[in-house]
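Chains A, B and C are the protein sequences, given in the same order. Numbering of the first sequence is given in the working numbering, commencing with residue 1 and proceeding in unit increments. Numbering of the second sequence is given in the working numbering, commencing with residue 1 and proceeding in unit increments. Numbering of the third sequence is given in the working numbering, commencing with residue 1 and proceeding in unit increments. For reference, the structure discussed in these notes is given below.
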Amino acid sequence: MRKLLEGSQAVAEAVRLCRPQVVAAYPITPQTHIIERLAQHVADGELEAEFINAESEFGAASIVQGAVAAGVRAFTATASQGLLLMTEVLHNIAGMRLPVVMVCANRAVSAPINIFNDHQDSMALRDSGWIQLYAESNQEAADSVIQAYRIAEACELPVMVCMDGFYLTHSFEPVELPTQGAVDEFLPPFHFARTLNPATPMTLGGGSEPDNYQEYRVLQHEAMENSRAVIEAFDADFGTQFGRSWGGLLDGYRLEGAQTVVLGTGSLMGAVRDVVDRLCDQGRAVGALRLRCLRPFPARELVGRLGSAQRIIVLEKALSVGAGGIIAAELRAALQQAGITTPVESVIGGLGGRDLTPDVIEAVVRNAGPDEAGVSCRFAPQVAVHHEAHEEHEE
Amino acid sequence: MTNKQESISRSLYEIRFHGRGGQGAVSAAALLALAAFDDGFESQAFPKFGSERRGAPVEAYVRIGRTPIRAHNQVYTPDAVVIQDATLLRSEPLLRGLKGGGVIVLNSAQRPDDIDSDRDDLRWIVLPASRVGERLLGRPLPNTVLLGALAAVTDWVSLAALENAVTNHLARKGDAVVKANIEAVREGHRLALELKGVHYEELEGHEEKK
Amino acid sequence: MDKRDPFRHNVLTSGHRACSGCGEAMAARMVCDLIGPDAIYINATGCLQVFTTHNQQSAWQAPWIHSVFANAAAVASGVEAALRVRGKDTPVVVQAGDGGTFDIGLQCLSGMIERGHDVLFVCYDNEAYMNTGVQRSSSTPHAVHTTTSPPGRLSQGKHHLKKDVISIVAAHYMPYAATATIAYFPDLKAKVEKAMGIKGPRFLQVLSPCPLGWAHDSALTVTVSRLAVETGLFPLIELEHGELTGVMRLAEQKPVEEYLRPQGRFRHLFGNGEGAAELRHLQALADARICRYGLLDAATEWDTQSAMQSMRHGRGGYVPVLQEEMEK
Numbered sequence: 001m002r003k004l005l006e007g008s009q010a011v012a013e014a015v016r017l018c019r020p021q022v023v024a025a026y027p028i029t030p031q032t033h034i035i036e037r038l039a040q041h042v043a044d045g046e047l048e049a050e051f052i053n054a055e056s057e058f059g060a061a062s063i064v065q066g067a068v069a070a071g072v073r074a075f076t077a078t079a080s081q082g083l084l085l086m087t088e089v090l091h092n093i094a095g096m097r098l099p100v101v102m103v104c105a106n107r108a109v110s111a112p113i114n115i116f117n118d119h120q121d122s123m124a125l126r127d128s129g130w131i132q133l134y135a136e137s138n139q140e141a142a143d144s145v146i147q148a149y150r151i152a153e154a155c156e157l158p159v160m161v162c163m164d165g166f167y168l169t170h171s172f173e174p175v176e177l178p179t180q181g182a183v184d185e186f187l188p189p190f191h192f193a194r195t196l197n198p199a200t201p202m203t204l205g206g207g208s209e210p211d212n213y214q215e216y217r218v219l220q221h222e223a224m225e226n227s228r229a230v231i232e233a234f235d236a237d238f239g240t241q242f243g244r245s246w247g248g249l250l251d252g253y254r255l256e257g258a259q260t261v262v263l264g265t266g267s268l269m270g271a272v273r274d275v276v277d278r279l280c281d282q283g284r285a286v287g288a289l290r291l292r293c294l295r296p297f298p299a300r301e302l303v304g305r306l307g308s309a310q311r312i313i314v315l316e317k318a319l320s321v322g323a324g325g326i327i328a329a330e331l332r333a334a335l336q337q338a339g340i341t342t343p344v345e346s347v348i349g350g351l352g353g354r355d356l357t358p359d360v361i362e363a364v365v366r367n368a369g370p371d372e373a374g375v376s377c378r379f380a381p382q383v384a385v386h387h388e389a390h391e392e393h394e395e
Numbered sequence: 001m002t003n004k005q006e007s008i009s010r011s012l013y014e015i016r017f018h019g020r021g022g023q024g025a026v027s028a029a030a031l032l033a034l035a036a037f038d039d040g041f042e043s044q045a046f047p048k049f050g051s052e053r054r055g056a057p058v059e060a061y062v063r064i065g066r067t068p069i070r071a072h073n074q075v076y077t078p079d080a081v082v083i084q085d086a087t088l089l090r091s092e093p094l095l096r097g098l099k100g101g102g103v104i105v106l107n108s109a110q111r112p113d114d115i116d117s118d119r120d121d122l123r124w125i126v127l128p129a130s131r132v133g134e135r136l137l138g139r140p141l142p143n144t145v146l147l148g149a150l151a152a153v154t155d156w157v158s159l160a161a162l163e164n165a166v167t168n169h170l171a172r173k174g175d176a177v178v179k180a181n182i183e184a185v186r187e188g189h190r191l192a193l194e195l196k197g198v199h200y201e202e203l204e205g206h207e208e209k210k
Numbered sequence: 001m002d003k004r005d006p007f008r009h010n011v012l013t014s015g016h017r018a019c020s021g022c023g024e025a026m027a028a029r030m031v032c033d034l035i036g037p038d039a040i041y042i043n044a045t046g047c048l049q050v051f052t053t054h055n056q057q058s059a060w061q062a063p064w065i066h067s068v069f070a071n072a073a074a075v076a077s078g079v080e081a082a083l084r085v086r087g088k089d090t091p092v093v094v095q096a097g098d099g100g101t102f103d104i105g106l107q108c109l110s111g112m113i114e115r116g117h118d119v120l121f122v123c124y125d126n127e128a129y130m131n132t133g134v135q136r137s138s139s140t141p142h143a144v145h146t147t148t149s150p151p152g153r154l155s156q157g158k159h160h161l162k163k164d165v166i167s168i169v170a171a172h173y174m175p176y177a178a179t180a181t182i183a184y185f186p187d188l189k190a191k192v193e194k195a196m197g198i199k200g201p202r203f204l205q206v207l208s209p210c211p212l213g214w215a216h217d218s219a220l221t222v223t224v225s226r227l228a229v230e231t232g233l234f235p236l237i238e239l240e241h242g243e244l245t246g247v248m249r250l251a252e253q254k255p256v257e258e259y260l261r262p263q264g265r266f267r268h269l270f271g272n273g274e275g276a277a278e279l280r281h282l283q284a285l286a287d288a289r290i291c292r293y294g295l296l297d298a299a300t301e302w303d304t305q306s307a308m309q310s311m312r313h314g315r316g317g318y319v320p321v322l323q324e325e326m327e328k
């Protein structure tokens, strides 16, 4: 049954349905409602788990690392500075190939301190060895958590489910929560082969030298490359069982015949869809493509979906300072490698919670031209402030 | 669930709540969205604020529509504005973007004299919601009173659905709180019907009528 | 199936890559053998981790995990929580150096204790960052020469005092916190056994001389660790729920110079006037510790001499003195 749920609650319910046995967290806005809800579930006996109040995000990440290594499913969530404080441990979890699942309630990074949404935090962790799934809606965030555990445990790779702070975490939206029986059917019981156990003693996290370190990374990279098929298959499986799927790696909207395609990620794509409809109604051939999975980067799949576009606009909420758009750069490389010369316009917007309204997105689509040589990116305009009565767009 | 789909004329309504931290603007937005959802609509509610500070200006938004709501943007051109604290009128452009024929539900015990609007296309409902809240809830909380009033003047959500939303959303706070808030919703609804369509300039003597 | 090597019974086997005379290797072997292989060991980054798991080889015959430098106590918290929900009572043991305890790991350690995790945290205290080449830590004693607290025209080595970490730990209303050193194995054994019999967080600070960083002869590791106790610079004590419950009485107080002389890290203090002042300072620190813990007059069954003679008799220099005194 569909219910109107706050995004944090939807995600907390999804986590509960996955039956983690250890939940560790440290509060940070806008992640707090997720862990508060889980703490309540544990207090009410609705989730049989150890809820551990860590002394920092660094500690929280370390606790879930220990818990998973000791043989149980675990969960943590954070955002922004908290994610950055976890960084050292997150790399370590990935290098150890531990199937940890976490939620990042995406928030800007300081200075200046800002609690609102953008993608700078999780984007900074893109090379840490975590699979990264970005949700567009609360429903997708909840479903992605359930998928994430199955992906992580099948691939021995950690998965970060990224959901936009406030836009999703604090939004009430209709969400359909699966039943416990259905989730149990989709998600097998936790299994991890390299569990710490005195009967079969194993050394996890020992040293390595120049003659073999690289091979660890090669194997990790291969596992990431192979996880693309797993992510797609499990999303399709999820669709079969629950009647909803999220495109696997990429989620296209009105792409057929689209000459201009807007590529982006996360909750901003809802507004992009509205703009695509608006422009199509006006006879323009515009479509949208949502990058659901940033890591592994679906380069081949992107080329397949964007190959016939004449104009590509990448709209992203993170900035590689001094270089420009991150997704745009990776897309340019993918297209170039495939011999496609379509120019990619890199547009940065929505930083620190600045709202990317349909009007702003439309202006980006209408006004953009090919990048001048040497210009890495441009910035979305500030939202117009409406002081006057406004003509509605509706019929 | 009552189906009110036919009763609204447009495909999307947007409501903006203005209040101060602690007055329940965010809860009010959630309750309105829950009620609309209960009435069979798609709905969405979310706050603008981030840090939780008592007394600071807070905004919250609601969308009510016939089809799934995809955009997560703030509300810039609301169909209605709910103002929980009249002192905000001095510091914030609360009516910005309000559509023609838009509704303003204002918590005030007297005629507000700080309104800088020269617009004559708006519908004002002014009621002493804090005072009503104080009487019914024991605290000067205006939010559920104003929700009742909004439901009465717009007909976007049913009174029954609002009462359901209060019952479910506030269940954790106990039966007494739920009961008092249902009373508050009903009282707001009743007062607004009494005042329906009244421009604020005609509100002189409202207190005496009460 | 038990995959342990049936011909090796040490939890930490030989063949690892510690320096000759490494105090930490001795201490870890003692501690881990007392606990046994039916435990899960969590290691902070540091010498012990490096010399026992060199390049895909492991000297550990027990399940062992190393994550990063600062987080051993937090990883242990997660391991312990997982074992608890799985209904297992496998002991959980953290091993860390002084850097991973006094400095970078202190926050996670404090969190672990405050949350009451059933974990034994063992700090092998060699009083500096030895793994990276002898840099000063907050455990480094006053006036010690390290590469980042060098003596010079304006300096007599480390300016500051050794952090009193055992008091900080004990102040968490800690069920059990104790100091020990390799020179007094029976005492160390009694303390490990006592710790393993207690539920909740426990802490053991084991002074572990480092021939490289302390610049003493590799053959003198045990002697130096004994002198640290006999001079009063490193009191052997036990604290339960924050209260002092046991000390190792000094049969006689030796002058600090006997401890300092064999160590190159104090060499700059000898033969000059400013150094002499620091020597007096160090003697005063020893005297203060002796006074604070009553090391000369505590009524204990064992003292630093008889404990040595009782080496093979199991029990070391520990008796709960305060209780006896209170009864008097």
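Where is the CB? At the ideal position from N, CA and C, for every residue including glycine.
Going by beta carbon distance, what residues of the same chain come within less than 6 angstroms of residue 75 of chain B, once the five residues before and after it are set aside? On the second sequence, residue 75 of chain B is found 75 positions in, with the first residue counted as 1. 14, 16, 61, listed in sequence order.
Rounded separation between residue 29 of chain C and residue 181 of chain C - CA only: Here residue 29 of chain C refers to the residue found at position 29 of the third sequence. Here residue 181 of chain C refers to the residue found at position 181 of the third sequence. Rounded to the nearest angstrom, the two C-alpha atoms are 13 angstroms apart.
Cutting at 8 angstroms between CB atoms, please list the residues of its own chain near residue 3 of chain A, excluding the five before and the five after it. Looking up residue 3 of chain A in the first sequence gives position 3. These residues qualify, in order along the chain: 174, 175, 176, 177.
Output, in sequence order along the chain, the residues in the region 199-212 of chain A whose CB is closer than 8 angstroms to any CB in chain C. 199, 200, 201, 202, 203, 204, 205, 206, 207, 208, 209, 211, 212
Given the structure, does residue 100 of chain C come close to the ligand HEM, in the sense that its CB is under 7 angstroms from one of the ligand's heavy atoms? Judged by which ligands are present, the structure shown has none, so any question about the ligand HEM falls away.
Got a sec, what are the start and stop residues for the beta strand (DSSP E) residue 53 of chain B sits in? For this step, residue 53 of chain B is matched to residue 53 along the second sequence. Unbroken run through residue 53 of chain B: none, as it is neither H nor E.
Distance check for residue 73 of chain C and residue 163 of chain C, CA to CA, integer angstroms please. Position 163 of the third sequence holds residue 163 of chain C. Position 73 of the third sequence holds residue 73 of chain C. When rounded, the distance between both Cα atoms is 19 angstroms.
On the three-state DSSP scale, how would you describe residue 216 of chain C? Working through the third sequence from its first residue, we reach residue 216 of chain C at position 216. Coil.
Should the region 157-166 of chain A be called in touch with the region 140-149 of chain A, which here means at least 3 C-beta pairs below 8 angstroms? yes
Alpha carbon to alpha carbon, how far is residue 169 of chain A from residue 59 of chain C? Give it in angstroms, no decimals. For the purposes of this step, residue 59 of chain C is identified with residue 59 of the third sequence, where counting begins at 1. For the purposes of this step, residue 169 of chain A is identified with residue 169 of the first sequence, where counting begins at 1. Whole-angstrom Cα-Cα distance: 47 angstroms.
For residue 14 of chain B, does the three-state DSSP call read helix, strand or coil? Taking the first residue of the second sequence as 1, we reach residue 14 of chain B at position 14. DSSP places residue 14 of chain B in strand when its eight states are reduced to three.
Is residue 271 of chain A close to chain B? Criterion is C-beta to C-beta, closer than 8 angstroms. Within the first sequence, residue 271 of chain A is the residue found at index 271, counting from 1. Residue 271 of chain A counts as touching chain B.
Which value, in whole angstroms, describes the spacing of the CA atoms of residue 19 of chain A and residue 54 of chain A? As a first step, residue 19 of chain A must be located in the first sequence, where it is residue number 19. As a first step, residue 54 of chain A must be located in the first sequence, where it is residue number 54. One C-alpha to the other measures close to 20 angstroms.
Within the continuous alpha helix (DSSP H) that includes residue 186 of chain C, where are the two ends? Position 186 of the third sequence, counting from 1, holds the residue named residue 186 of chain C. Element bounds for residue 186 of chain C: 185-196.
Beta-carbon within less than 7 angstroms of residue 125 of chain C's beta-carbon, same chain only, minus the 5 sequence neighbours each way: which residues are those? Locating residue 125 of chain C in the third sequence gives position 125, where the first residue counts as 1. Only 98, 139, 205, 206, 207, 208 meet the Cβ criterion.
Does the CB of residue 79 of chain C have a neighbour CB from chain A at under 8 angstroms? Reading the third sequence from its first residue, position 79 is the one you call residue 79 of chain C. Chain A contact via Cβ: present.
Going along the region 37-59 of chain B in order, which residues come within less than 7 angstroms of chain A, judged by CB to CB distance? Those residues of the region 37-59 of chain B that come within reach of chain A (Cβ to Cβ, closer than 7 angstroms) are 37, 42, 43, 44, 45, 46, 47, 50, 51.
Going by alpha carbons, who is nearest to residue 171 of chain A out of B:156, B:72, B:185? The residue you call residue 171 of chain A lines up with position 171 of the first sequence. Answer by Cα proximity: B:72.
Would DSSP call residue 252 of chain C helix, strand or coil? Counting from 1 along the third sequence, the entry for residue 252 of chain C is found at position 252. Residue 252 of chain C: coil per DSSP, three-state reduction.
Just how far apart, CA to CA, sit residue 26 of chain C and residue 20 of chain C? As a working mapping, residue 26 of chain C is identified with position 26 in the third sequence. As a working mapping, residue 20 of chain C is identified with position 20 in the third sequence. When rounded, the distance between both Cα atoms is 10 angstroms.
What in chain B is Cβ-close to residue 167 of chain A, meaning under 8 angstroms? If you number the first sequence from 1, residue 167 of chain A lands on position 167. Within 8 angstroms Cβ-Cβ: 46, 72.
Unbroken beta strand (DSSP E) run spanning residue 160 of chain A, endpoints: Locating residue 160 of chain A in the first sequence gives position 160, where the first residue counts as 1. Element bounds for residue 160 of chain A: 159-164.
Using three-state DSSP, classify residue 306 of chain C as helix, strand or coil. What you label residue 306 of chain C is simply residue 306 of the third sequence in a count that begins at 1. Three-state DSSP puts residue 306 of chain C in a helix.
DSSP puts residue 177 of chain C in a beta bridge; with which residues? Taking the first residue of the third sequence as position 1, residue 177 of chain C is located at position 177. Its beta-bridge partners are C:203, C:239.
Counting only Cβ pairs nearer than 8 angstroms, list the residues of chain C close to residue 436 of chain A. Chain A is shown only over 1 to 395; residue 436 of chain A falls outside these bounds and no answer can be derived.
Which residues, in order along the region 6-24 of chain C, keep a beta-carbon less than 8 angstroms from a beta-carbon of chain A? none
Does the region 125-133 of chain A come close enough to the region 53-73 of chain A to have 3 or more Cβ pairs within less than 8 angstroms? no
What did DSSP end up calling residue 174 of chain A once you bin it into helix, strand or coil? Position 174 of the first sequence, counted from the start, is the residue given in the question as residue 174 of chain A. Strand.
I want to verify the contact list: residues of chain A whose CB lies under 7 angstroms from the CB of residue 30 of chain B, in sequence order. Counting from one through the second sequence, the residue named residue 30 of chain B turns up at place 30. Residues of chain A passing the Cβ test: 172.
Residues in the region 111-135 of chain C having any Cβ partner in chain A nearer than 9 angstroms: Those residues of the region 111-135 of chain C that come within reach of chain A (Cβ to Cβ, closer than 9 angstroms) are 111, 112, 114, 115, 117.
Since residue 52 of chain A and residue 24 of chain A are thought to touch, with beta carbons under 8 angstroms apart, how far apart are those beta carbons, to the nearest angstrom? What you label residue 52 of chain A is simply residue 52 of the first sequence in a count that begins at 1. What you label residue 24 of chain A is simply residue 24 of the first sequence in a count that begins at 1. Residue 52 of chain A to residue 24 of chain A, Cβ: 4 angstroms. Contact.
Determine whether the Cβ of residue 34 of chain B lies closer than 8 angstroms to any Cβ atom of chain A. In the second sequence, residue 34 of chain B corresponds to position 34, counting from 1. Answer yes: the Cβ-Cβ gap between residue 34 of chain B and chain A drops below 8 angstroms somewhere.
Give the range of the alpha helix (DSSP H) segment to which residue 366 of chain A is assigned. Here residue 366 of chain A corresponds to residue number 366 of the first sequence, with the count starting at 1. Residues 358-367.
Mind checking whether residue 75 of chain A and residue 102 of chain A have CB atoms under 8 angstroms apart? The residue labelled residue 75 of chain A in the question sits at position 75 within the first sequence. The residue labelled residue 102 of chain A in the question sits at position 102 within the first sequence. Yes.
Buried or exposed: residue 161 of chain C, going by 16 or more other Cβ atoms within 10 Å of its Cβ? As a working note, residue 161 of chain C is residue 161 in the third sequence. Counting Cβ neighbours within 10 Å, residue 161 of chain C comes out exposed, since fewer than 16 surround it.
Can you tell which of A:294, A:125, A:100 has its C-alpha closest to the C-alpha of residue 61 of chain A? Indexing the first sequence from 1 puts residue 61 of chain A at position 61. It is A:100.
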